[in-house]
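Visitor:
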Amino acid sequence: MKTWLISAGLAAVLIAGARGAGHYDLTDAEKAAGWKLLFDGQTTNGWQSFKKGTFPAQGWVIEDGALKHLANGGGGDLVSRETFSEFELSWEWKIAKGANSGLKYFVSGDRSSPLGHEYQMIDDKRDANGRPAVNKGGTGSFYDVLPPEKNTARPPGEWNQSRVLVKGNQVEHWLNGERVLAYELGGDAVKQALAKSKFKNTPGFGVRLKGHILLQDHGGEVFFRHIKIRDLSGAP
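Read left to right, the sequence shown gives residues 11 to 246 (the working numbering).
1) Pick out the complete beta strand (DSSP E) segments inside the region 74–147, 3 residues or longer, and give them in chain order.
2) What does the Cβ neighbour count give for A109, buried or exposed, with the cut at 16 atoms within 10 Å?
3) Apply the 10 Å Cβ neighbour rule to W57 and answer buried if 16 or more other Cβ atoms are within range, or exposed otherwise.
4) Check this for me: beta carbons of F234 and L77, under 7 angstroms apart or not?
5) Starting from the Cα of K61, find the closest Cα among V71, G86 and W70 and give me that residue.
6) Going along the chain, which unbroken runs of the alpha helix (DSSP H) with 4 or more residues stay wholly within the region 175–203?
7) From which residue to which residue does the beta strand (DSSP E) around D9 run?
8) Who are the Cβ neighbours of W169 in its own chain at under 6 angstroms, not counting the five residues just before and after it?
9) Any contact of the region 111–119 with the region 210–224, i.e. 3+ C-beta pairs under 8 angstroms?
10) Report the rounded CA-to-CA distance for N55 versus A67, giving the unit in angstroms.
11) State the Cα-Cα distance for the pair E96 and L191, rounded to the nearest angstrom.
12) For the alpha helix (DSSP H) containing K41, list its first residue and its last residue.
13) From which residue to which residue does the beta strand (DSSP E) around W45 run?
14) With a 10 Å radius around its C-beta and 16 neighbouring C-beta atoms as the bar for buried, classify Y34 as buried or exposed.
15) Within the present structure, is the beta-carbon of V89 separated from the nearest heavy atom of the ligand GTP by less than 6 angstroms?
16) So with Cβ pairs under 7 angstroms, would you call S122 a contact of chain C?
17) CB G327 to CB N82, shorter than 7 angstroms?
18) Using the rule of at least 16 other Cβ atoms within 10 Å of the residue's Cβ for burial, across every protein chain shown, is E159 buried or exposed?
19) What do you reckon, are the CB atoms on W70 and K238 nearer than 7 angstroms?
20) Out of curiosity, what's the CA-to-CA distance linking G19 and P124?
21) Taking Cβ to Cβ, would you say K210 is nearer than 7 angstroms to L219?
22) Could you check where the beta strand (DSSP E) with L52 kicks off and where it finishes?
23) Going by other Cβ atoms of all chains shown within 10 Å of its Cβ, with 16 needed for buried, is Q202 buried or exposed?
24) Closer than 6 angstroms by C-beta to K208: which residues in its own chain qualify, once you throw out the five before and the five after it? Chain order, please.
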C-alpha cells in the first residue's frame, strides 16, 4: 500500500510522478460536460485548511489515490480553494467502523468557523461513542436539519459513491445511485427544521451562497477519492 505523508515540499515530488499509481483523469465525455477534478489522486493542489491558505502539516495523507484522514490525527477540516454556488458534485468515500465524517458545501470564509450544509457520512450502526446514528444524523442527511428518506450506505470499510446537486434553490443528496434527500433552500420545510437545529441562530444558514467544499475532520479514519465537480451557474 503506497502512502505519501503531506509536507510542504511534497508537491514537486508528486508533480514529477503525476501519471503514476493513484492518478486519475476525467474522460473526454466528462470534460465535455463541464466536469473538473477537485482531487487528482496524487497531489493536494486545490485544498487548504479553513482560513489558513495552506495544507495541514499533519492528520491527512494520500494513500492509494485517496485523501485519508488518520484516526485521531488532527489536522482539521480541508476546504477547496475554489468556491461554488450551483453545482453537481460527485465523490467516493469510505469510513472505518465507528467513524463519523461529512462533506460540507456553502462554507463561507466570512464566518468565524467552517459552517455549511453537511452531507453526513457515518457508521450508522455505531458511532465513536457506541450509539447508532438516526434521523437527522444518519448517512446522507442534511446534518441536524433534514433526515434522509432512505439509507443505502454500505458497511464501514466499503466504498460509497455520493453526489450533491444544487440548481437554483433545489438541492439533492444521492447515495450509491439513489436519491436519498431533496429539499428547497429557503423553503418552509427547511425553515421549520432549522428552527429546531443547532443552526437556528446562524445568520444566512439554509440559503444558497457561493462557498467552499469541505472535507470534515471529525477524529475518525475516512477516505475520499474521485472528487469531481461541474459548475451549473447559468446552466438551463
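Built from N, CA and C at the ideal position, the CB exists for glycine as well. Given the structure is predicted, the values throughout are model-derived calculations rather than measurements.
Guide: The answer reads as follows:
1) Entirely contained in the region 74–147, the beta strand (DSSP E) runs reaching 3 residues are, in chain order, 76–79, 88–90, 97–105, 110–117 and 127–132.
2) So A109 ends up on the buried side.
3) With 16 or more other Cβ atoms from the protein chains shown falling within 10 Å of its own Cβ, W57 counts as buried.
4) For the 7 angstroms CB-CB criterion, F234 and L77 form a contact.
5) It is G86.
6) DSSP runs (the alpha helix (DSSP H)) wholly in the region 175–203: none.
7) No answer is possible for residue 9: it lies beyond the span of the chain, which begins at 11 and ends at 246.
8) Counting only Cβ-Cβ distances below 6 angstroms, and skipping sequence neighbours, we find E102 and K104.
9) Yes: at least three Cβ pairs fall under 8 angstroms.
10) Put simply, the backbone Cα of N55 is about 14 angstroms away from that of A67.
11) Going by the C-alpha atoms only, they are around 17 angstroms apart.
12) Looking at the DSSP string, the run of the alpha helix (DSSP H) that includes K41 is D38 to A42.
13) It spans W45 to L47 - the beta strand (DSSP E) in which W45 sits, taken as one unbroken run.
14) The residue in question, Y34, is exposed, as its Cβ has fewer than 16 Cβ neighbours within 10 Å.
15) Although the ligand GTP was asked about, the structure shown includes no ligands whatsoever.
16) Considering every chain present, this structure includes no chain C. It has just one protein chain.
17) Outside the displayed span of the chain (11 to 246) sits residue 327, for which this structure offers no information.
18) Answer is exposed; the Cβ neighbour count stays below 16.
19) In terms of Cβ geometry, W70 and K238 do not form a close pair [threshold 7 angstroms].
20) For G19, the predicted model reports a pLDDT of 35, less than 50, meaning its position is unreliable; a value from the coordinates is still stated below. One alpha carbon belongs to G19, the other to P124, and they sit about 27 angstroms apart.
21) No. Outside cutoff.
22) A small fix is needed here, since residue 52 is Gln in this sequence, not Leu. Run containing Q52: none; DSSP gives neither H nor E here.
23) Answer is exposed; the Cβ neighbour count stays below 16.
24) Within the same chain, and ignoring the five residues on either side of K208 in sequence, the residues whose Cβ sits closer than 6 angstroms to its Cβ are D154.
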